[in-house]
Structure formats: structure tokens, C-alpha cells
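Protein sequences, first through last, are from chains F and X.
Numbered per numbering that gives the first Met the number 0, the first sequence spans residues 0 to 311.
Numbered per numbering that gives the first Met the number 0, the second sequence spans residues 0 to 335.
No residue lacks a Cβ here, since even glycine has one placed at the ideal position from N, Cα and C.
This report refers to the structure that appears directly beneath it.
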Amino acid sequence: MLFYTAQRLVLSVVIVMVAVSILTLMLHVVPGDPAVMILGPRATPELIERTREAMGLDRPLPVQILMFFANILRGDLGEDVFTGRAVSQIVFEQLPYTMILISVAILWSAACGIALGAYSALRRNTWLDTLSGVVSVGTISIPAFVMALYSVLIFAVWLGWLPAIGAGDGFLDGIVHLILPAFAIGVAWVGYIARIVRASMLEVMTQPHVRMARAFGLPDRRITRSHILKIAVLPAVTLIGTGVAHLFSAAVFVEVIFARPGIGALLVGAVNERNYPIVLGAVLITTCIIVLATLISDLVVALLDPRQREDI
Amino acid sequence: MSTQSTAAPADDTLLAVEGLSVDFETPRGTIHALRDIDLTVPKGKVLGIVGESGCGKSTLAYSLIGLLAENARVASGAIRMGDHDLARLAPSAWRDLRGTRIAMIFQDPMTALNPVTTIGQQMLDIQYRDRIGRNAKRARAIEFLEQVQIPDAASKLAAYPHQLSGGMRQRVCIAMALLTQPDLLIADEPTTALDATLEMQIVALLRDLQRKFGCSVVFVSHHLGTVAELCDDVAVMYAGEVVERGTARALFHDPQHPYTQALLDCDPARIKVATRTLPTIPGTLPDLRQPPAGCAFRARCPRSWGRCERDHPPLYPGAAGQRVRCHLSDPAEDAA
Ligand SMILES: Nc1ncnc2c1ncn2[C@@H]1O[C@H](COP(=O)(O)OP(=O)(O)OP(=O)(O)O)[C@@H](O)[C@H]1O
Ligand code: SF4
Ligand SMILES: [Mg+2]
Numbered sequence: 000m001l002f003y004t005a006q007r008l009v010l011s012v013v014i015v016m017v018a019v020s021i022l023t024l025m026l027h028v029v030p031g032d033p034a035v036m037i038l039g040p041r042a043t044p045e046l047i048e049r050t051r052e053a054m055g056l057d058r059p060l061p062v063q064i065l066m067f068f069a070n071i072l073r074g075d076l077g078e079d080v081f082t083g084r085a086v087s088q089i090v091f092e093q094l095p096y097t098m099i100l101i102s103v104a105i106l107w108s109a110a111c112g113i114a115l116g117a118y119s120a121l122r123r124n125t126w127l128d129t130l131s132g133v134v135s136v137g138t139i140s141i142p143a144f145v146m147a148l149y150s151v152l153i154f155a156v157w158l159g160w161l162p163a164i165g166a167g168d169g170f171l172d173g174i175v176h177l178i179l180p181a182f183a184i185g186v187a188w189v190g191y192i193a194r195i196v197r198a199s200m201l202e203v204m205t206q207p208h209v210r211m212a213r214a215f216g217l218p219d220r221r222i223t224r225s226h227i228l229k230i231a232v233l234p235a236v237t238l239i240g241t242g243v244a245h246l247f248s249a250a251v252f253v254e255v256i257f258a259r260p261g262i263g264a265l266l267v268g269a270v271n272e273r274n275y276p277i278v279l280g281a282v283l284i285t286t287c288i289i290v291l292a293t294l295i296s297d298l299v300v301a302l303l304d305p306r307q308r309e310d311i
Numbered sequence: 000m001s002t003q004s005t006a007a008p009a010d011d012t013l014l015a016v017e018g019l020s021v022d023f024e025t026p027r028g029t030i031h032a033l034r035d036i037d038l039t040v041p042k043g044k045v046l047g048i049v050g051e052s053g054c055g056k057s058t059l060a061y062s063l064i065g066l067l068a069e070n071a072r073v074a075s076g077a078i079r080m081g082d083h084d085l086a087r088l089a090p091s092a093w094r095d096l097r098g099t100r101i102a103m104i105f106q107d108p109m110t111a112l113n114p115v116t117t118i119g120q121q122m123l124d125i126q127y128r129d130r131i132g133r134n135a136k137r138a139r140a141i142e143f144l145e146q147v148q149i150p151d152a153a154s155k156l157a158a159y160p161h162q163l164s165g166g167m168r169q170r171v172c173i174a175m176a177l178l179t180q181p182d183l184l185i186a187d188e189p190t191t192a193l194d195a196t197l198e199m200q201i202v203a204l205l206r207d208l209q210r211k212f213g214c215s216v217v218f219v220s221h222h223l224g225t226v227a228e229l230c231d232d233v234a235v236m237y238a239g240e241v242v243e244r245g246t247a248r249a250l251f252h253d254p255q256h257p258y259t260q261a262l263l264d265c266d267p268a269r270i271k272v273a274t275r276t277l278p279t280i281p282g283t284l285p286d287l288r289q290p291p292a293g294c295a296f297r298a299r300c301p302r303s304w305g306r307c308e309r310d311h312p313p314l315y316p317g318a319a320g321q322r323v324r325c326h327l328s329d330p331a332e333d334a335a
């Protein structure tokens, strides 16, 4: 178990490094020079050259990447090109907004998805099962930004029940401002999770240990809970772990649409301004979180399933 | 003891299967998996059920505990236990019987236990009806693990099923079944998944514990040797019917039905050598969607004649007191 975790951590670091390297390469392909962006269109070529030098942009690409990693090791993610503030500070200011959004989306969609999937499996081939199947597949195929636009339109513009913009002030207002964005991001996941829980429940239900539990006259609810559901949620946990990446990309759109602060909004702004240090810093942190989420979900599976604990 | 041919007094009988027929509905037609089964399970005795694969042994076993597949239907007949007819029992009434009066041990110990729950928790769970404290339940669990000769029983409570060997897991299953102190223990090929040495150990254990606890056992097996060792009575099944039943002594020493004879003939040392599986007899089972009109064994029977094609044989009384579903045992044939 310990060895496995260590192995996974090393792998995670490698993944993060590869991701950051690829991103640096991509930024160089994108047209637009950061130095020009900072100095404006009327800067002299000498000034641009000096700024590029100061930012390290004149060095060969591999050197730039290596420098970036060396700085990371010192806890330095660079500075905002315009304000000179530390990137790490800016990123960690925005991160909580996105983390809360994603966590709430995961929590509500997992709760609803597991309940819906379990219900469908227990009442399979009834009209409610069919309906939940149709609704699930429907919501899965709607992108989060479309969901966001329509939920703003319906609940904020037409009905006026919920705020459309910002993250709110204070705790209660914050929660109210979370509802629509978390709904928009999570709704597809209700479908995903319901489908996977339903399928794995139907499989687990045919396993001999369930028949054995029946043979001892255990109450149906207990059989469902500790003999079927306890095993059937495992694939959903893995799905959520790998799905955190999708949640982040959905959060980018949703934060922009709802004008919410967060990593997504930060990233979009920084890309538009060619504010490379912020882009790199935000992507680095996001990648770390995504990789960490997969690791955590694997550990949760191992915690719930003693067979996995042995294997790994 | 008296043979089954003479109806046992009601108070000696724990369970009586009367004319039981079970169908499976499938997309390709109705499978008549059990047809007109008559059996009795005497109190405190072991009834063996033998027959080749697909003859309906498991279907019979599961119908005794109400765990038939969803596509199964009891077409006719009754299963009497006390005042209950198990063939027509409501689900809630079934739950009251299972794990109190009836328990079951399954074929594959590797998959019979919940893989994500400790042995101890599973043994506590099945005592959910008992109004005793958690510690008392734990003590009972340990006591029964000791009964099935699991070494260092107390430490096994914290183990997960995958940490135990197949033989150990089957012992745990037996311990769990006995812990509920059932009147009837159903064992569906409990040793088939184990190797020969383990099989002998488990059978010996089952025999000792059956004597100790005095419950009735329905023991389904492929293995004639273990049936001979363990069972008081035996029923031989073929294609969804009981073709011969009686005391183990009668069936093994004086088999009357050609199918029983073929099973024993294929086994040179008869029952003395432990054959792992039933011998193979040339030919295949008839299609259970359209069971043949005459004798079900006709196509494979070396002694069949015209009558076997026309008439379906009833259970005739046999020479050694057993019941035989073969026209050869028809007293009228002897007279002719
Ligand atoms: N759920 C089901 N649906 C349809 N047919 C079934 C079902 N269960 C069993 N059968 C059929 O009923 C017949 C009896 O099956 P059963 O499992 O009782 O045989 P068995 O004697 O236990 O065989 P084995 O020795 O292989 O365990 C077989 O023809 C089988 O294909
Ligand atoms: S009734 Fe006929 S076919 Fe059937 S077992 Fe007897 S002799 Fe064979
Ligand atoms: Mg079987």
C-alpha cells in the first residue's frame, strides 16, 4: 500500500512535468508576443528585446522549461507580467472558488446519481427506470456551458429566483451564488454516475454472495446497502476521480458565463493577455489537483475494497 | 430405519415435497426443469440428491429455500414443512424461515461470502434477529468457527474472505449456516469446488456436525462416494424427475433403475473408490422444453422396449424397498 502510494506519487510528478512542458510548447506556437502585449504597440524594438531578456523569453525553449521547474522547486511560480505580484499568490486566491464549485458539483451529483442508479437497478425495466435512462443520456450529452446558459436564462433572467453573476459575499450569499453554476456542472454527472451505478448494481446483484445473504433472511434494505451498493459504488468512485479533469474544463466555461472568480476565469483572462506566468501557474496547480484527485479516488477505492488493498 | 416407500409417520418427516413441478420461462420457450417431484426429508437425517449436470438438482435445492431465479415458476405441487407450504410462501414469510429454520451452503466458497466485509461482521449480521449483545454475538461466532475446526478462530473475525483459502471459506459458510441452528440445512455441491483431500475433510466435518446438531440435511452432490458416506436416503434425478429413491443402502447395493445401475456400473469399485464426478453415460439429456412422452431415460437406456416409448413410468415399489421410475419394476411386467 505504502509502496503503491509512493509509486503513484512519482508517476504524478512525471505527469505534471510533462503537462507543463507541453503547455510551454503550445504557448510558443500561439501567435502574440508577451513582451509586445506588456509594452503596447508603440514600444521600440530595443525595449521589447530588453523585456524579452528580462522574462527569459530569449533563451532556448528547453532552458525556459528547465528554469520554470527550477523556480517551482523554490516555490516560485513567477510574477504577473503586469502587476508584478507573485503568481502563486494570485492562483491560490482564485483556487478556493473553483474548488468549492467543483466539490459541491461532485457531492450533489454523486448523491443524486447513486440514488438514481440504485433506484433504477432495483426497479429495472419499469417506466421510471426507462425515464431515468433517457434523462441520464440526455443530460450527459448536453455540454456544461449550454446547461449554464440555459439555467441563467431560466432561473436568473426569467424567473429571477437566483443570482446570475459573481460569487456572492458572505457564507449564505455564497451558497446562493453556488447553486446555478454547481447545477450546470454537475447535472451531466448525475447521468454518468446513475448509469454506471445501475450497471454495476445489476452485475453485483447476480453474484453468489447476494444469494447467500438472502439465504440467511437478511432484510432487503441491508442486502441492498451492504451487499450490493457497497460494491457497486466502486466504479463510480473511480469515474469521479478521473472526471475531475472534465469538471475543471467545465468550470472554465461556467466561471466565465457566471462571471465568477476562480481558476477558470483567471486562466481565460491570462490567456487573452498573454500573461504566460499566470497561465503556467494556473495550469500547473490545476494539473496537480487533477492528478491528486485520481490518486485520492484510487485510495478511496482501496479503502472500500479490501481486495484492492491487497493487490496494490 | 424404514424405507421411504412406506410413508413415514408425519412427526418423523421434516419436509415433504409433493408433486413439485418448476418451469423456467426463457425467450426460447418454457423449460420444464422439475416435473412431479416427490420426496420426503426425515427429521435428523441426510437426504442425498445425485444426478448428472442439468438434471435439476440445484433447482430443487433452491426451491426448498425460495431462492429460485426470477424467471422460475412453481407450476404445481407443494413443499410441506410444518404448517407451511413453501411452494406458495409470501416473500416476508420466506424471510422469517431463512436463517432461522432453513439454511444453505453453496457450491463455490470463493464467491459465497461478501468480499468487502469481514468474516466477523458477516457472522454478526446473520444474528440480527437475536436479542443479545454484540459481544455475545461475537462469542457465538467464535464458538461456531471453532466448531468447524478453524484454527485461531477469534483472529479470523477480522479477516476478509479473500484472505482465507477455499476450504477455510467453506468452513466459514458451514459455521454461519449452523450458527442459525436450522432444522433443514441445504448443501448444493458444497465440495465440488474443492480438491479431493479438502472434500473428504469437509464431508467428515459435515457428518460429525450433522450428528451433533441433529438437523436434517439435503445434500446435493456429483460424487457418489461422498453421498454413500454421508447420506441416509438418496434420490437419483434424471432430466428433472426423481427416477429412483430409497435408503442409501438399498440404492447402492441393489439399484433397480437402469440409470442408477449405469452410474454405479461405470464406477468399478462401486462406491468404495472416491470418484470425483459422476461417470459419463453415452448420450445426452432430453430437451427439457419438450420432455419425452414415455420414459425420459429411453434414448440412453440399454433395456428400453416399446412400452417405454408410450407410457410414462410412475414410481413403482422396488425390490429393496426403494421407489423406481422404470417399467422393469412394474409388478405387472413380471406377471406377464
Ligand atoms: N434461471 C434459469 N433459466 C432458465 N433455465 C434454467 C435456469 N436455471 C436452470 N435452468 C435449467 O434448468 C435445468 C436444471 O438446472 P439445474 O441448475 O437445476 O441443474 P443441476 O442438476 O444443478 O446441474 P449442475 O450439476 O450443473 O449444477 C437445466 O437444463 C438448466 O439449463
Ligand atoms: S422405463 Fe424403459 S427406458 Fe425407462 S429406464 Fe426403464 S427400461 Fe429404460
Ligand atoms: Mg447445480
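Query raised in the report: What residues are listed by DSSP as bridge partners for Arg-79/X?
Result: As a first step, residue 79/X is located in the second sequence; it is residue number 80 there, counting from the start. Answer by DSSP bridge pairing, in chain order: Ala-15/X and Asp-84/X.
Query raised in the report: Got a sec? Which residues, its chain only, sit under 7 Å from Ala-176/X by beta carbon, not counting five neighbours each side?
Result: Position 177 of the second sequence, counting from 1, holds the residue named residue 176/X. For Ala-176/X, where only same-chain residues beyond five positions count, the Cβ hits under 7 Å are Ala-102, Met-103, Ile-104 and Leu-184.
Query raised in the report: Would you report the Cα separation of Ser-62/X and Leu-217/F, rounded to the nearest angstrom?
Result: Sequence index remark: in the second sequence, residue 62/X carries index 63 (1-based). Sequence index remark: in the first sequence, residue 217/F carries index 218 (1-based). So the two alpha carbons sit approximately 18 Å from each other.
Query raised in the report: So who's on the other strand from Met-103/X, going by DSSP bridges?
Result: Counting from one through the second sequence, the residue named residue 103/X turns up at place 104. According to DSSP, which records beta bridges pairwise, Met-103/X is partnered with Ile-185/X.
Query raised in the report: Can you tell me whether Val-242/X is buried or exposed, with buried defined as 16 or more other CB within 10 angstroms of its CB?
Result: Taking the second sequence and counting its residues from 1, the one referred to as residue 242/X is at position 243. Looking at its Cβ environment, which holds 16 or more other Cβ atoms inside 10 Å, Val-242/X is buried.
Query raised in the report: If you measure beta-carbon to beta-carbon, which residues of the stretch 147-175 of chain X are closer than 8 Å to chain F?
Result: Correct list: Tyr-159, His-161, Gln-162, Cys-172 and Met-175.
Query raised in the report: Of the choices Arg-128/X, Gln-162/X and Ile-48/X, whose alpha-carbon is the least far from that of Asp-304/F?
Result: The count along the first sequence starts at 1 and reaches residue 304/F at position 305. Per the Cα distances, Gln-162/X.
Query raised in the report: Does the beta carbon of Lys-155/X fall short of 7 Å from some heavy atom of ligand 1?
Result: Here the question's residue 155/X lines up with position 156 in the second sequence. Lys-155/X Cβ: outside cutoff for every heavy atom of ligand 1.
Query raised in the report: Mind checking if Phe-105/X is an interface residue toward chain F, Cβ cutoff 8 Å exclusive?
Result: In the second sequence, the residue the question calls residue 105/X occupies position 106. Under the Cβ criterion of 8 Å, Phe-105/X is counted among the residues facing chain F.
Query raised in the report: Expressed to the nearest angstrom, what Euclidean distance is found between the alpha-carbon atoms of His-326/X and Arg-210/X?
Result: Sequence index remark: in the second sequence, residue 326/X carries index 327 (1-based). Sequence index remark: in the second sequence, residue 210/X carries index 211 (1-based). Cα to Cα, His-326/X sits roughly 37 Å from Arg-210/X.
Query raised in the report: Would DSSP call Phe-23/X helix, strand or coil?
Result: Position 24 of the second sequence, counted from the first residue, corresponds to residue 23/X. Reduced to three states, the DSSP call for Phe-23/X is strand.
Query raised in the report: By Cβ distance below 6 Å, which residues in the same chain neighbour Pro-291/X in space, the five residues on each side in sequence not counted?
Result: In the second sequence, counting from the first residue as 1, residue 291/X sits at position 292. Closer than 6 Å at the Cβ level, and outside the excluded window around Pro-291/X, lie Pro-285.
Query raised in the report: Quick one: any contact between the stretch 152-159 of chain F and the stretch 237-250 of chain F, if contact means 3 or more CB pairs under 8 Å?
Result: no
Query raised in the report: So what does DSSP say about Pro-8/X, is it helix, strand or coil?
Result: Numbered from its first residue, the second sequence carries residue 8/X at position 9. Summary for Pro-8/X: the model assigns pLDDT 49, below 50, so the residue's position carries little reliability, and this model does not support an answer.
**Report entry** Short-range partners of chain X found in the stretch 206-218 of chain F, where Cβ spacing is below 8 Å
**Finding:** Gln-206, Pro-207, His-208, Arg-210, Met-211, Ala-212, Arg-213, Ala-214, Phe-215, Gly-216, Leu-217 and Pro-218
Query raised in the report: Between Ile-270/X and chain F, is there a C-beta pair that is closer than 8 Å?
Result: Mapped onto the second sequence, residue 270/X falls at position 271. Any answer about Ile-270/X is weak, because its pLDDT of 48 lies below 50 and its placement is not dependable; what the coordinates show is given next. It does not; no Cβ of chain F falls within 8 Å.
Requested in this report: Under 8 Å Cβ to Cβ from Ala-109/F, same chain only, skipping five residues before and after it: list those, please.
Outcome: Position 110 of the first sequence holds residue 109/F. Within the same chain, Ala-109/F has close Cβ partners Trp-188, Ile-192, Ala-235 and Ile-239.
Requested in this report: Would you kindly check if the distance between the Cβ of Ala-15/X and the Cβ of Phe-23/X is under 8 Å?
Outcome: Counted from its first residue, the second sequence places residue 23/X at position 24. Counted from its first residue, the second sequence places residue 15/X at position 16. No, these two residues do not count as a Cβ contact at 8 Å.
Query raised in the report: Can you list, in chain order, the residues of its chain whose CB lies under 6 Å from that of Leu-283/F, leaving out five sequence neighbours each side?
Result: Position 284 of the first sequence holds residue 283/F. Closer than 6 Å at the Cβ level, and outside the excluded window around Leu-283/F, lie Val-19.
Query raised in the report: Counting along the chain, where does the beta strand (DSSP E) carrying Val-38/X start and finish?
Result: The sequence position of residue 38/X within the second sequence is 39, counting from 1. With the sequence shown as reference, residue 38/X is identified as Leu, and Val is not the correct amino acid for it. First-last of the beta strand (DSSP E) with Leu-38/X: 28-41.
Query raised in the report: Where does Thr-138/F sit, in a helix, a strand or coil, going by DSSP?
Result: For the purposes of this step, residue 138/F is identified with residue 139 of the first sequence, where counting begins at 1. Residue state, collapsed to three classes: helix.
Query raised in the report: Between Val-305/F and chain X, is there a C-beta pair that is closer than 8 Å?
Result: Position 306 of the first sequence, counted from the start, is the residue given in the question as residue 305/F. It is Pro, not Val, that sits at residue 305/F in the sequence shown. Yes, Pro-305/F lies at the interface with chain X (some Cβ there is under 8 Å from its Cβ).
Query - Residue closest to Ser-20/X, alpha-carbon to alpha-carbon, out of Gly-55/X, Ala-234/X, Gly-132/X and Thr-39/X - result: One-based indexing of the second sequence puts residue 20/X at position 21. Here the closest residue by C-alpha is Gly-55/X.
Query raised in the report: Is the Cβ-Cβ distance between Ala-74/X and Asp-84/X less than 8 Å?
Result: Here residue 74/X refers to the residue found at position 75 when the second sequence is read from its first residue. Here residue 84/X refers to the residue found at position 85 when the second sequence is read from its first residue. No, they are not a contact pair.
Requested in this report: Mind listing the chain F neighbours of Thr-116/X? Cutoff is C-beta to C-beta under 7 Å, in chain order.
Outcome: Indexing the second sequence from 1 puts residue 116/X at position 117. Per Cβ cutoff of 7 Å: Ser-225.
Query raised in the report: Buried or exposed: which applies to Arg-309/X, given that a residue is buried once 16 or more other Cβ atoms fall within 10 Å of its Cβ?
Result: Counted from its first residue, the second sequence places residue 309/X at position 310. So Arg-309/X ends up on the exposed side.
Query - Short Cβ contact (8 Å threshold) for Thr-39/X with Thr-58/X - result: The residue labelled residue 39/X in the question sits at position 40 within the second sequence. The residue labelled residue 58/X in the question sits at position 59 within the second sequence. The Cβ-Cβ distance between Thr-39/X and Thr-58/X does not fall below 8 Å.
Query raised in the report: Of the choices Glu-17/X, Pro-312/X, Asp-10/X and Gly-28/X, whose alpha-carbon is the least far from that of Gln-289/X?
Result: The residue given as residue 289/X occupies position 290 in the second sequence. Closest by alpha carbon: Gly-28/X.
Requested in this report: State yes or no: is the C-beta of Ala-71/X nearer than 7 Å to some heavy atom of ligand 1?
Outcome: Taking the first residue of the second sequence as position 1, residue 71/X is located at position 72. Under cutoff, so the answer is yes.
Report task. Use the C-beta contact count for Trp-107/F: other C-beta atoms within 10 angstroms, 16 or more gives buried, fewer gives exposed. Result -> The sequence position of residue 107/F within the first sequence is 108, counting from 1. Buried.
Query raised in the report: Can you give the Cα-Cα distance for Thr-2/X and Ile-195/F, rounded to whole angstroms?
Result: Working through the second sequence from its first residue, we reach residue 2/X at position 3. Working through the first sequence from its first residue, we reach residue 195/F at position 196. For Thr-2/X, the predicted structure reports a pLDDT of 42, less than 50, and the residue's modelled location is therefore unreliable. The matter cannot be settled from this model.
Query raised in the report: So, does the CB of Ala-273/X fall closer than 8 Å to a CB anywhere in chain F?
Result: To locate residue 273/X, count along the second sequence from 1; it is residue 274. Low confidence applies here, because Ala-273/X scores a pLDDT of 47, under 50, leaving its location unreliable; read the following figure in that light. No, because no Cβ of chain F sits closer than 8 Å to the Cβ of Ala-273/X.
Query raised in the report: Under a CB-based cut-off of 8 Å, is Asp-182/X close to chain F?
Result: Against the second sequence, residue 182/X aligns to sequence position 183. So no, Asp-182/X is outside the interface.
Query raised in the report: For the 8 Å Cβ check, are there 3 or more pairs between the stretch 243-250 of chain X and the stretch 294-304 of chain F?
Result: no
Report task. For Ile-230/F, go through chain X and note every residue whose CB falls closer than 9 Å to its CB, in chain order. Result -> Here the question's residue 230/F lines up with position 231 in the first sequence. The contacting residues are Asn-113, Pro-114 and Val-115.
**Report entry** Between the CA atoms of Glu-145/X and Thr-116/X - distance to the nearest angstrom
**Finding:** Within the second sequence, residue 116/X is the residue found at index 117, counting from 1. Within the second sequence, residue 145/X is the residue found at index 146, counting from 1. For Thr-116/X and Glu-145/X, the distance between alpha carbons rounds to 20 Å.
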